[in-house]
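Protein chains in written order, with our numbering: chain A, 218 to 469; chain B, 19 to 109. Here a beta-carbon is modelled for each residue, glycine too, at the ideal position from N, C-alpha and C. Some notes on the structure that comes next.
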């Protein structure tokens, strides 16, 4: 029995399939992202096009309950009724991240596209730009800086400690923690599934019955990873909403 | 102690590079394990308090659940940074 676990980089680096050597090179990750974009667009396009049935079914049902979910449990809980104008952005982000995460458990694909850092960090920097622009627009540059760097209700002397912490956490750490949270969860999930899959395959080669335990764990973990995919999409969306809400309504 | 370990490894013909790789692996494993302790306790506290809040006031369950996920997300970030360090340290 020889257990051959591939090095971590082999699990996440995919060979280039097309347009090698150009900035537009295509590999499996890019194809999954393109697929996720197309599926998101197709879902809302078909849902918005058909208005002939009173009872929503199929794509329309999925899209309507998705929009409803984002409105009731993300926007209303964090921004309030004013946040409705961010509904399209938040819903798109939710479904795009969900579709590029869920490929982790789809047979034959079995790779979470968000376990590569590029797109999570791009989305996080986009969110960073959006909440800063909104903050400057709503409160003015000085007001926004004052409200985010000097939170009210803190004793004057403590500003020596609080202001540098707030500066680093609001303007530097936020986008990175947003991206790393999504990325690291997907990397961890993929590693977990790969570990149990390799264990099952190796034990199946030597002792047939021995593979039962890791295979049962593999199925259990697949279920768990579905939950994680949805949860991470939800957490990314809700944190985006919290940040936008924070720069729309400063703490009094 | 490391000195004695290095000597005994040198006697068995282990290369210095392999020795360093072994130390890196130990450091990575220990680092991730330690990074998981605090967030584990923290997430337990967050979820436990959220459950008791939901049990006291079932009508506020939706709001509590949203806030609970936020709390989990912020606490979990520390464990994930530990996990990133673990991957970076792997030989």
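From residue i to residue j, what does the alpha carbon distance come to, in whole angstroms?
| i | j | result |
| --- | --- | --- |
| residue 43/B | residue 413/A | 21 Å |
| residue 321/A | residue 334/A | 15 Å |
| residue 235/A | residue 244/A | 7 Å |
| residue 83/B | residue 452/A | 12 Å |
| residue 440/A | residue 58/B | 21 Å |
| residue 348/A | residue 222/A | 43 Å |
| residue 389/A | residue 326/A | 34 Å |
| residue 370/A | residue 76/B | 31 Å |
| residue 422/A | residue 415/A | 11 Å |
| residue 259/A | residue 231/A | 27 Å |
| residue 417/A | residue 434/A | 9 Å |
| residue 398/A | residue 265/A | 32 Å |
| residue 108/B | residue 228/A | 14 Å |
| residue 86/B | residue 68/B | 6 Å |
| residue 396/A | residue 286/A | 23 Å |
| residue 46/B | residue 438/A | 24 Å |
| residue 249/A | residue 323/A | 11 Å |
| residue 71/B | residue 104/B | 36 Å |
| residue 253/A | residue 454/A | 16 Å |
| residue 358/A | residue 291/A | 27 Å |
Chain B partners of residue i, CB-CB under 7 Å?
| i | result |
| --- | --- |
| residue 333/A | Here the premise fails: no neighbours, minimum Cβ distance about 13 Å. |
| residue 301/A | In chain order: nothing, as chain B lies at least about 17 Å away. |
| residue 455/A | 84, 87, 88 |
| residue 294/A | 81, 84 |
| residue 290/A | 80, 84 |
Excluding the 5 residues preceding and the 5 following residue i in the sequence, name in chain order all residues of the same chain whose CB lies nearer than 7 Å to its CB.
| i | result |
| --- | --- |
| residue 257/A | 309, 312, 313, 316 |
| residue 318/A | 329, 331, 403, 446, 449, 450 |
| residue 406/A | 321, 329, 442, 445 |
| residue 337/A | 331, 396, 399, 400 |
| residue 97/B | 53, 54, 57 |
| residue 273/A | 281 |
| residue 376/A | 367 |
| residue 93/B | 57, 60, 61, 64 |
If the cut is a Cβ gap below 8 Å, which residues of chain A does residue i touch?
| i | result |
| --- | --- |
| residue 105/B | 225, 404 |
| residue 95/B | 394, 397, 398 |
If you reduce the DSSP assignment to three classes, tell me which class residue i lands in.
| i | result |
| --- | --- |
| residue 235/A | strand |
| residue 322/A | coil |
| residue 243/A | strand |
| residue 58/B | helix |
| residue 36/B | helix |
| residue 449/A | helix |
| residue 454/A | helix |
| residue 337/A | helix |
| residue 328/A | coil |
| residue 274/A | coil |
| residue 75/B | coil |
| residue 296/A | coil |
| residue 381/A | helix |
| residue 348/A | helix |
| residue 303/A | helix |
| residue 425/A | coil |
| residue 221/A | coil |
| residue 466/A | coil |
| residue 368/A | coil |
| residue 357/A | coil |
| residue 409/A | helix |
| residue 52/B | helix |
| residue 395/A | helix |
| residue 108/B | coil |
Identify, in the order they occur along the chain, each residue of the same chain with its Cβ nearer than 8 Å to the Cβ of residue i, setting aside the five sequence neighbours on each side.
| i | result |
| --- | --- |
| residue 299/A | 465 |
| residue 90/B | 61, 64, 65 |
| residue 101/B | 50, 53 |
| residue 233/A | 242, 243, 244 |
Residue i: beta carbon under 6 Å from a heavy atom of the ligand NAD?
| i | result |
| --- | --- |
| residue 433/A | What this structure holds is no ligand at all, so the ligand NAD is not there to describe. |
When the cut-off is 7 Å and only beta carbons count, does residue i lie next to chain E?
| i | result |
| --- | --- |
| residue 82/B | Here chain E cannot be found, since the structure's protein chains are A and B. |
Check the Cβ of residue i against every Cβ in chain A and list those closer than 7 Å, keeping chain order.
| i | result |
| --- | --- |
| residue 38/B | Near residue 38/B there are no residues of chain A at all, since even the closest Cβ is about 17 Å away, more than 7 Å. |
| residue 102/B | 397, 401 |
| residue 108/B | 225 |
| residue 91/B | 398, 452, 456 |
In chain B, which residues lie with their C-beta within 9 Å of the C-beta of residue i?
| i | result |
| --- | --- |
| residue 451/A | 87 |
Find the residues of chain A that neighbour residue i, judging by a C-beta separation of less than 9 Å, and give them in chain order.
| i | result |
| --- | --- |
| residue 99/B | 394, 397, 401 |
Residues in the same chain with beta-carbon distance under 6 Å from residue i, minus the five sequence neighbours each way, listed in chain order, please.
| i | result |
| --- | --- |
| residue 284/A | 308 |
| residue 391/A | none |
Using the beta-carbon of each residue, which ones in chain B are nearer than 8 Å to residue i?
| i | result |
| --- | --- |
| residue 459/A | 88 |
>> Check whether the stretch 309-320 of chain A and the stretch 424-435 of chain A touch, using three or more Cβ-Cβ pairs below 8 Å as the test.
In response: no
> If we count Cβ pairs, one from each stretch, closer than 8 Å, do we get three or more for the stretch 343-363 of chain A versus the stretch 271-289 of chain A?
Replying inline: The stretch 343-363 of chain A, when compared against the stretch 271-289 of chain A, does not touch it at the 8 Å Cβ threshold.
> For the stretch 237-253 of chain A against the stretch 292-307 of chain A, are there 3 or more C-beta pairs whose distance is under 8 Å?
Replying inline: no
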